[in-house]
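Residue numbers (UniProt numbering): 1 to 547. We put the CB at the ideal spot given by N, CA and C, even for glycine. Source: prediction; values computed, not measured.
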């Protein structure tokens, strides 16, 4: 450790309390003595100096797990993390004797040794003994040797840790339910199998559920870098969960109306959806709500389905700013998400009412997806007296742009002159929707990057993703780009307005020009550009829906 790193570590250590912990706050195990020179200690990034053979092994570990487990294996299973919560959280007091106990359920499939056990030790070393009833590890039919007898031998030496094994591959949903079925704690806390818990993470979750049993509470999810294992959490305001009309989970800043509702920076934050990997829920309330939809396979989509159900059926979904848990987000999903589409269709069919058509318009292939029988889930919705999706959009997620999808005004935006070419917008980054140019590309009829909607406000909306993008003019050029649309109930900027005339002309009001298809743009391929208006067939456009 160099001098600068040592000074930074000392500064971080100074934030930790010097007085002994109260007896009721003591964890199941204390962490070993701190070694500031240890790799990754205090959440520092690690980069190993490797020879060719070591580099090959590291790359193999990344290919296998989508996480740098070669590096992870060299970092202590007991490392400390820097303090990342709001300093006000340190002043909160808890009545430990009256908080509910919890069972922490961790499902895994072929997880690496060190990331799994670091998760286990992190829970044991940050959770008050009086509150942690047990950790339940659920092996979802792993076939790796290190997860068989070696894991059993290791776990047998730890207090409060149980290991159960599925007899066939169940997927995340049913594996978690196996763990929940044997849990003895009053609260179920679900964690992913590559997490590290921040000091004081558990008490806020349990305290909130003690206050309000119908609250489902998530920690703030701090990022742990998959390649360097740097802990990247920050103490600023967390983000809340949302979704786009592909039914893909998204993150968003806390809206102003939610900021105004909160009286303190330590108050819970209401969130329309959850990421799904980390949350706490009263066991009784989880059962009342119908647990998970067991018709969902592997993982993907179950988080949105559960989020809709919580809100529509009388509960609340919240993020507690004083509970922080680090999570290693893999480079990419380490195993197939082929069932995620069917899971999303199940969510749409049960909870979204007529709004499911907005999803299907943008995902035509989803209409053909076999999604199983949802009769029992619809019956559950009826039995619980749940509200409709319109209520959810108006009361829980009013910031979401809800497409109009007027007949003949959505789908592929095709040019009459350049046959079979459509508006195409495919930003290279999933989480950066705006700022790229619109091109023309052979029409594929699969929605997604070729799905546009013409609104009653004369906008050409790219609203497959969230936040919604609106077509406008790339500054200083005649090319088209996409900028953020105005929020609901806000005026539409004039530069976003295109008048679609009866003859198919797309007239841009501000520039007094029309959109024309050109074969060769300055980027090399076909593109829509602004030109003086004419009767050219290359200035005629029409929408075509592919169902």
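Item, Value
"For residue 542, does the count of other Cβ atoms within 10 angstroms reach 16, so buried, or fall short, so exposed?", "exposed"
"Can you tell me where the alpha helix (DSSP H) with residue 210 in it begins and where it stops?", "202 to 211"
"Can you tell which of 290, 279 and 490 has its C-alpha closest to the C-alpha of residue 380?", "290"
"So is residue 68 buried or exposed if we call it buried at 16+ other beta carbons inside 10 Å?", "buried"
"Do you know whose CA, among 512, 160, 110 and 84, lies nearest residue 196's CA?", "84"
"If you measure between the beta carbons of residue 126 and residue 328, is that distance less than 8 Å?", "no"
"In three-state terms, what does DSSP make of residue 245?", "coil"
"Confirm, please, whether the CB-CB distance from residue 138 to residue 191 is below 8 Å.", "no"
"For residue 547, which three-state DSSP category applies?", "Note that residue 547 scores a pLDDT of 45, beneath 50, so its modelled location is shaky and nothing firm can be said."
"Which residue wins for smallest C-alpha separation from residue 53, given the options 43, 44, 70 and 37?", "70"
"Grouping DSSP H, G and I as helix and E and B as strand, with all else coil, what is residue 64?", "helix"
"What do you get for residue 391, buried or exposed, if any count of 16 or more other CB atoms within 10 angstroms of its CB means buried?", "exposed"
"For residue 498, list the residues DSSP reports as bridge partners.", "508"
"Classify residue 85 as helix, strand or coil using the three-state DSSP reduction.", "coil"
"Evaluate contact between the stretch 445 to 459 and the stretch 399 to 406, counting only Cβ atoms and requiring at least three cross-stretch pairs below 8 Å.", "yes"
"Consult DSSP for residue 536 and reduce its assignment to one of helix, strand or coil.", "coil"
"Do you know offhand how far residue 376's Cα is from residue 447's?", "31 Å"
"According to DSSP, is residue 465 part of a helix, a strand, or is it coil?", "coil"
"Since residue 513 is in the beta strand (DSSP E), which residue starts that stretch and which ends it?", "513 to 518"
"Specify the secondary structure class of residue 459 as computed by DSSP and reduced to three states.", "coil"
"For a test of the three-state rule: what should DSSP assign to residue 346, helix, strand or coil?", "helix"
"Considering just the uninterrupted stretch of the alpha helix (DSSP H) at residue 436, what are its terminal residues?", "Where residue 436 is concerned, there is no enclosing alpha helix (DSSP H), given that its DSSP letter is neither H nor E."
"With a Cβ-Cβ cutoff of 8 Å, do residue 315 and residue 173 count as a contact?", "no"
"Mark residue 394 as exposed unless 16 or more other C-beta atoms lie within 10 angstroms of its C-beta, in which case mark it buried.", "exposed"
"Taking only the alpha-carbon atoms, compute the straight-line gap between residue 547 and residue 364 and give it to the nearest angstrom.", "At residue 547 the pLDDT is 45, less than 50, meaning the model places this residue with poor confidence and gives no usable figure here."
"According to DSSP, which residues form a beta bridge with residue 412?", "544"
"Using beta-carbon positions only, say whether residue 281 and residue 188 come within less than 8 Å of one another.", "yes"
"Taking its Cβ as the centre, do 16 or more other Cβ atoms sit within 10 Å of residue 240, making it buried, or is it exposed?", "buried"
"At the level of alpha carbons, what is the spacing between residue 333 and residue 161?", "27 Å"
"What is the rounded straight-line gap between the Cα of residue 248 and the Cα of residue 147?", "32 Å"
"Would you check if the stretch 297 to 316 and the stretch 348 to 362 touch, i.e. whether three or more CB-CB distances between them fall below 8 Å?", "yes"
"Output the distance between the C-alpha atoms of residue 436 and residue 103, rounded to the nearest integer angstrom.", "47 Å"
"Identify, in the order they occur along the chain, each residue of the same chain with its Cβ nearer than 7 Å to the Cβ of residue 26, setting aside the five sequence neighbours on each side.", "128 and 129"
"What first and last residue would you give for the beta strand (DSSP E) that runs through residue 306?", "No beta strand (DSSP E) holds residue 306; the alpha helix (DSSP H) holding it covers 302 to 312."
"Could you have a look at residue 134 and say whether DSSP puts it in helix, strand or coil?", "strand"
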